[in-house]
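Peer 1: Before I ask anything, here is the structure I am working with.
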Amino acid sequence: MTRLRWVGLLALGLVAVASCGIDEGYDNNDLELAVRQKAKETCSCLFVMELPEEHCTAWTRVSPDVAAAKIDRERQRVSATALGLWSASAHFNGRTGCVLDN
Numbered sequence: 311m312t313r314l315r316w317v318g319l320l321a322l323g324l325v326a327v328a329s330c331g332i333d334e335g336y337d338n339n340d341l342e343l344a345v346r347q348k349a350k351e352t353c354s355c356l357f358v359m360e361l362p363e364e365h366c367t368a369w370t371r372v373s374p375d376v377a378a379a380k381i382d383r384e385r386q387r388v389s390a391t392a393l394g395l396w397s398a399s400a401h402f403n404g405r406t407g408c409v410l411d412n
């Protein structure tokens with residue numbers, strides 16, 4: 311097999327592999343998901359299930375552990391950040407539990 315044909319087949323294979331995930335239809339990135347999960351689940355753990363903060367911190371740890379949470383017990387709100395660029399917050403509502411803020 312000539313070198314040119316081999317390079318062409320390799321390029322075609324790379325295009326085929328790269329196009330496999332094009333139609334997933336999910337625009338969010340992992341860091342955005344990590345901060346939203348950290349805020350919502352920490353809020354639920356603390357204010358709905360009323361578990362200790364140490365338990366909730368361990369329970370909501372993502373891997374890799376890039377999201378950090380700040381807890382405001384007075385306002386029953388949890389804010390989370392990842393790498394200083396992504397953030398999310400959730401608050402407790404007595405009727406619906408913890409809800410992500412927009």
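Sequence positions in the sequence shown follow our numbering and run 311 to 412.
Even glycine gets a Cβ: it sits at the ideal position worked out from N, Cα and C.
These figures come from a predicted structure and were not determined experimentally.
1. Just the C-alpha distance for Pro374 and Leu320, rounded to the nearest angstrom, thanks.
2. Give the secondary structure of Thr367 by DSSP, where H, G and I count as helix, E and B as strand, and everything else as coil.
3. Using a threshold of 8 angstroms, state whether the C-beta atoms of Val358 and Gly407 are closer than that.
4. Short of 7 angstroms in beta carbon distance, which residues of its chain neighbour Ala344, apart from the five on each side in sequence? Order them along the chain.
5. What residue range does the alpha helix (DSSP H) around Arg346 cover?
6. What are the boundary residues of the beta strand (DSSP E) that includes Thr391?
Peer 2: Let's see:
1. Taking the first residue of the sequence shown as 1, we reach residue 374 at position 64. Taking the first residue of the sequence shown as 1, we reach residue 320 at position 10. Distance between the alpha carbons of Pro374 and Leu320 is about 33 angstroms.
2. Start at 1 with the first residue of the sequence shown, and residue 367 comes out as number 57. Three-state DSSP puts Thr367 in a helix.
3. Looking up residue 358 in the sequence shown gives position 48. Looking up residue 407 in the sequence shown gives position 97. The answer is yes: Cβ separation under 8 angstroms.
4. Taking the first residue of the sequence shown as 1, we reach residue 344 at position 34. Excluding positions up to five away in sequence, the list reads Val372, Val376, Ala377 and Ala392.
5. In the sequence shown, counting from the first residue as 1, residue 346 sits at position 36. Asp340 to Cys353 is the span of the alpha helix (DSSP H), which, as asked, contains Arg346.
6. Your numbering for residue 391 matches position 81 in the sequence shown. Arg387 to Ala392 is the span of the beta strand (DSSP E), which, as asked, contains Thr391.
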